[in-house]
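Some notes on the structure that comes next.
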Amino acid sequence: MNHRLEALRTRLLGRREQLKAWARHQLPPLWRRYRRHALAAAALSVLTLLWWLDRFARLRVVNTLADPVELRIDGRARAWLLPTTSETPEAGAELRLPPGFHRVTLVSPAGVKVEELDVNLPPHSRYLLAPSDGDQCFWVEHTAYGQAQPSL
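Per this note's numbering, the very first residue in the sequence shown carries number 171; after that it's consecutive.
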């Protein structure tokens, strides 16, 4: 019985060595043959991902009201915004939205709609939404270098 197990083990090890030899001789030529295609596919995937990430519109929402509000985009709750008087560029919440038409709704904690807007966001755009009681003023600065033209 021991002799049969030893023979089977030897035969299986022989098959394993045959597979290793085949892989050594076959896989490197296959890689050399198709590496340009694989690299092109990887580069195209990375470029597509970068294009897709860059085409989103950015919407910054700053709550200048006295009470916190819930931000809803197309009926889905996206963020809770606390009142802020901060003048930093990071105040409020910044969202990346797909381009197109969206319904932006601000709802108070009591469930009352504070503001509702239908907006069209083109790709690669930046917007500021700042609902207020009317006594707020914003100064939006834009700095460009080189050949850039003023956008306003």
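We put the beta carbon where it would ideally sit given N, CA and C, even for glycine.
As the structure is a prediction and not an experimental result, all values here were calculated from the model.
### Task
Just the C-alpha distance for LEU217 and ALA249, rounded to the nearest angstrom, thanks.
Their Cα atoms are separated by approximately 30 Å.
### Query
Contact check, THR234 vs SER302 under 8 Å by CB: the rounded distance?
4 Å between Cβ atoms; contact.
### Query
By DSSP, does VAL282 sit in helix, in strand, or in coil?
Assigned with DSSP and collapsed to three states, VAL282 falls in coil, not helix or strand.
#### Entry: Sequence-distant residues of its chain with Cβ nearer than 6 Å to ARG225 (five each side left out)
Contacts found: PRO293.
### Message
Rounded to the nearest angstrom, what separates VAL231 and TRP222 at their Cα positions?
### Response
Going from the Cα of VAL231 to the Cα of TRP222 covers about 23 Å.
### Task
Might you give, ordered along the chain, the residues of its own chain that have their beta carbon closer than 6 Å to the beta carbon of TRP269, omitting 5 neighbours on each side?
Here residue 269 is Pro; the residue named in the question, Trp, does not match the sequence. ALA227, LEU291, PRO292 and PRO293.
### Message
Can you give me the C-alpha to C-alpha distance between PRO241 and THR258, rounded to a whole angstrom?
### Response
It should be pointed out that residue 241 corresponds to Leu in this sequence rather than to Pro. Taking the straight line from one Cα to the other gives about 20 Å.
### Query
Could you give the distance in angstroms between the alpha-carbon of SER215 and the alpha-carbon of HIS207?
Whole-angstrom Cα-Cα distance: 12 Å.
### Message
Checking 8 Å against the spacing of the C-beta atoms, do ARG266 and ASP288 come in under that value?
### Response
The answer is no: Cβ separation not under 8 Å.
### Task
Enumerate in chain order the residues of its own chain whose CB-to-CB distance from GLU285 is below 6 Å, with the five nearest sequence positions on each side excluded.
For GLU285, where only same-chain residues beyond five positions count, the Cβ hits under 6 Å are LEU276 and PRO301.
### From TYR315, LYS283, ASP237 and ARG203, residue whose alpha carbon lies closest to that of GLY245
Just measuring C-alpha positions, the residue of TYR315, LYS283, ASP237 and ARG203 sitting nearest GLY245 is LYS283.
### Query
Less than 8 Å separating the beta-carbons of ALA280 and PRO253?
Contact flag unset, no.
### Sub-8 Å separation of TYR297 and LEU251 beta-carbons
Going by C-beta atoms, TYR297 is not nearer than 8 Å to LEU251.
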